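In what follows, a structure is listed as structure tokens, so that the remarks can point back to it.
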Amino acid sequence: MIRELSTPGELAAACGDDDLVMWAAQGLAGGGRAWAGGRAVVAGAPGISRRDRLAVWGDPADAAAVLRHALAELGPSYRPLGEADLMRQVAERVPGLGRVGVFSWMSLEQVPIGPSDGVSWLEGRFEGQIGRLLAEHAPDSYAVPGGQGVARWAGVRVEGRLAAVAADAWSAPSVGFVAGVATAAPWRGAGLAGRVCRWVSGRLVAAHGRAALMVDDDNVAALRLYAGLGYRRRAVAACVVS
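Next comes the structure, spelled out in structure tokens:
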């Protein structure tokens, strides 16, 4: 029997407080919804990290059944994601579901230790500078100033110029989310991205209990940086409904 979950507490109990599921549900607010059936949970919300997303958790056979139900309720714009092996098995059971990418979900439950001097939240007057930095040095960033769900930016300046930034974006009540990490080319290798990420991650852990982010598996430097801050890594896969 598949049942809809109505509170974050119910959801946490059903999925073992899985950070990916809790993030995708967005506190079951703003269109967030969740279902449980057997030994599986599916939860998601519209417009998080530029997609309508559904996180999938649990037994593959049960997860496939719950996902079919969720997609019937929400429609094909939603992109399911979950641990890579789970999604491989779910895709075999859900007609029209194909995997479109494998990447890493990384999460952190302790405030990272280390230098973060010079980093601060940036006022609105810096939006133009942030936008230009991203356009030139990180044009594929999902987080942009003024984007839906992008709450605030932190950064560090060198010689009066904005040198590195990161955003608090699409955070859920119990999972803060780091996005938009970028360093201007002249200052790469100086440890500025690590400094900004350490500072933002620490504040998100303090505010939400944990922090998380997504990173492409071929971005070796970023993976090393986040692991050095204490983030733990899980291989996840995203799917699309054809």
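Sequential numbering of the sequence shown, starting at 1447, is according to the numbering used here.
Glycine is no exception: its CB is placed at the ideal position from the N, C-alpha and C atoms.
Computed from a predicted structure; not experimentally measured.
Following the continuous alpha helix (DSSP H) through residue i, name the residue where it begins and the one where it ends.
i	result
residue 1576	1573-1583
residue 1538	1530-1539
Tell me whether the beta-carbon of residue i lies closer than 9 Å to the beta-carbon of residue j.
i	j	result
residue 1393	residue 1626	Residue 1393 lies beyond the residue range present for the chain, which begins at 1447 and ends at 1688; the question has no answer from this structure.
residue 1530	residue 1546	no
residue 1520	residue 1685	no
residue 1484	residue 1508	yes
residue 1562	residue 1656	no
residue 1600	residue 1557	no
residue 1653	residue 1622	yes
residue 1579	residue 1628	yes
residue 1551	residue 1480	no
residue 1468	residue 1457	yes
On the DSSP letters alone, give me the boundaries of the beta strand (DSSP E) that residue i sits inside.
i	result
residue 1660	1657-1661
residue 1479	1479-1483
residue 1552	1543-1554
residue 1450	1448-1451
residue 1497	1497-1504
residue 1492	1486-1494
Just how far apart, CA to CA, sit residue i and residue j?
i	j	result
residue 1478	residue 1644	29 Å
residue 1606	residue 1649	24 Å
residue 1523	residue 1491	11 Å
residue 1631	residue 1614	22 Å
residue 1532	residue 1564	42 Å
residue 1486	residue 1587	32 Å
Hey, residue i and residue j are a contact pair by Cβ (cut 8 Å); roughly how many whole angstroms apart?
i	j	result
residue 1679	residue 1673	7 Å
residue 1460	residue 1482	4 Å
residue 1617	residue 1597	7 Å
residue 1527	residue 1682	6 Å
residue 1471	residue 1489	4 Å
CB of residue i to nearest heavy atom of the ligand COA: below 8 Å?
i	result
residue 1655	This structure does not include the ligand COA; it has no bound ligands of any sort.
Under a CB-based cut-off of 9 Å, is residue i close to chain B?
i	result
residue 1606	Judged by its chain identifiers, the structure shown contains no chain B, having just a single protein chain.
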